[in-house]
Ligand SMILES: Cc1cc2nc3c(=O)[nH]c(=O)nc-3n(C[C@H](O)[C@H](O)[C@H](O)COP(=O)(O)OP(=O)(O)OC[C@H]3O[C@@H](n4cnc5c(N)ncnc54)[C@H](O)[C@@H]3O)c2cc1C
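Below, the structure is given as structure tokens:
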């Protein structure tokens, strides 16, 4: 196996382009190294992206949003007070990943590019309207986060493409987001259902909303009907019931040893309502 430590994304790209066998990029390594040790994937070329300048930075953008480097760990995100204040749902999704040890390494980029439908940080990013910058053999492009996951373990990134940064839009006034997941244990488990909601208010009324579901389909879902059920309402019981119906209808879960289709659909409805209440309260400044 060849281990590479490029100092620019362009060099990383060249290494990937010249690689002939199995290639993996290394951000935190909490998926790659586990897969390697378990013999699931043995890369011929392992391209470590952590030495590239800027990949550990969290920076405010000119429009009031954020750019997050691809090697920023969950722990670093959680310690960034301004980011937590504006996007608590994005941060709490990432902070649910693994344990204290895993938090020291695991990244948003790795969570996204690993392609798990149950990835805890992805629904929050999708609900936030986050985008990623990508560099690849055909140049650079920007993609919405919801356009990256394809199916379990697969993404729509082309061979050799590298995510170079993650971007969050400006939060704006009266905005709030939240992420909740259900796991059978209290810690260190994969989401049976995950739900993220981001919304903005105009007075007491919901002006904009985005609803994302994890672990109930082959990829994280952005559910437009669920958002539509919230917009124009004050999150009254009727709106919550419509949200639950839309979220449940969109969910296409499977039955496995961690839950049946019926159970996952029930949990989807429960989490959607709870998540919406938290996001709404945060938008009103009532809770952090
Ligand atoms: C004990 C344990 C518990 C865990 N618990 C959870 C959990 O609760 N929830 C959860 O969602 N996950 C969990 N995970 C999985 C893992 O920690 C997360 O998916 C993590 O966010 C991966 O990030 P990373 O930086 O470590 O990725 P890496 O392992 O470095 O990379 C993951 C994949 O992304 C690709 N990649 C990385 N960076 C880029 C890039 N910039 N551009 C293109 N491709 C890239 C790699 O090639 C690889 O295929 C757990 C893992 C462990 C070991």
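Numbering (this note's numbering), first residue to last: 8 to 295.
We put the beta carbon where it would ideally sit given N, CA and C, even for glycine.
Below 8 Å CB to CB, which residues in the same chain sit around residue i once its five sequence neighbours on both sides are set aside?
i, result
"residue 106", "194, 195"
"residue 127", "100, 101, 103, 104, 118, 186, 188, 198, 201, 221"
"residue 63", "57, 76, 78, 79, 83"
"residue 22", "11, 13, 52, 54"
"residue 184", "94, 95, 96, 97, 131, 134, 135, 203, 204, 205, 206, 286, 289"
"residue 28", "50, 51, 52"
Measuring CA to CA, which of the options is closest to residue i?
i, options, result
"residue 51", "60, 31, 44", "31"
"residue 258", "265, 227, 248, 110", "227"
"residue 152", "146, 124, 211", "124"
"residue 24", "96, 165, 8", "165"
"residue 252", "265, 261, 236, 262", "236"
"residue 179", "150, 290, 246", "290"
"residue 35", "111, 277, 17, 13", "111"
"residue 191", "264, 10, 21", "264"
"residue 171", "46, 158, 115, 205", "115"
"residue 81", "22, 230, 95, 68", "95"
"residue 148", "163, 157, 88", "163"
"residue 47", "67, 160, 280", "160"
"residue 144", "224, 20, 174, 155", "20"
"residue 182", "249, 155, 284", "284"
"residue 26", "40, 146, 168, 45", "168"
"residue 156", "69, 224, 71", "224"
"residue 282", "250, 260, 266, 175", "250"
"residue 33", "273, 208, 209, 120", "120"
"residue 71", "42, 40, 175, 154", "175"
"residue 244", "231, 279, 146", "279"
"residue 122", "210, 158, 260", "158"
"residue 292", "67, 45, 211, 271", "211"
"residue 17", "67, 129, 146", "146"
Can you check DSSP and say which residues form a bridge with residue i?
i, result
"residue 263", "266"
"residue 189", "200"
"residue 30", "52"
"residue 144", "Residue 144 is not bridged to any residue."
"residue 184", "205"
"residue 9", "52"
"residue 156", "162"
"residue 149", "140"
"residue 174", "74, 138"
"residue 210", "DSSP lists no partner for residue 210."
"residue 281", "Its beta-bridge partners do not exist; DSSP assigns none."
"residue 169", "142"
"residue 218", "204"
"residue 228", "220"
Leaving out five residues before and five after residue i in sequence, what residues of the same chain have Cβ atoms less than 7 Å from its Cβ?
i, result
"residue 90", "65, 73, 84, 98"
"residue 150", "138, 139, 141"
"residue 61", "76"
"residue 15", "59"
"residue 154", "163"
"residue 274", "189, 199, 200"
"residue 272", "255, 258, 260"
To the nearest whole angstrom, what separates the beta carbons of residue i and residue j, a pair I think is in contact under 8 Å?
i, j, result
"residue 53", "residue 8", "6 Å"
"residue 113", "residue 217", "Not really, about 24 Å apart at Cβ, beyond 8 Å."
"residue 219", "residue 206", "Between residue 206 and residue 219 the Cβ distance is about 12 Å, and since that is not below 8 Å, they are no contact."
"residue 262", "residue 276", "That belief does not hold up - the Cβ atoms of residue 262 and residue 276 are roughly 17 Å apart, past 8 Å."
"residue 240", "residue 246", "4 Å"
"residue 109", "residue 215", "That belief does not hold up - the Cβ atoms of residue 109 and residue 215 are roughly 33 Å apart, past 8 Å."
"residue 43", "residue 49", "6 Å"
"residue 238", "residue 213", "5 Å"
Which same chain residues end up closer than 6 Å to residue i when comparing Cβ atoms and leaving out the 5 residues on each side of it in sequence?
i, result
"residue 287", "242"
"residue 93", "178"
"residue 268", "260, 262"
"residue 87", "65"
"residue 68", "74"
With 8 Å as the threshold, decide whether the Cβ of residue i is near any Cβ in chain C.
i, result
"residue 48", "The chain inventory of the structure shown lacks chain C, comprising one protein chain alone."
Segments assigned alpha helix (DSSP H), at least 4 residues, entirely inside the stretch 38-124:
For secondary structure counted as the alpha helix (DSSP H) over 4 or more consecutive residues, the stretch 38-124 holds these complete runs in sequence order: 39-44, 81-85, 88-93, 95-102, 107-110, 115-120.
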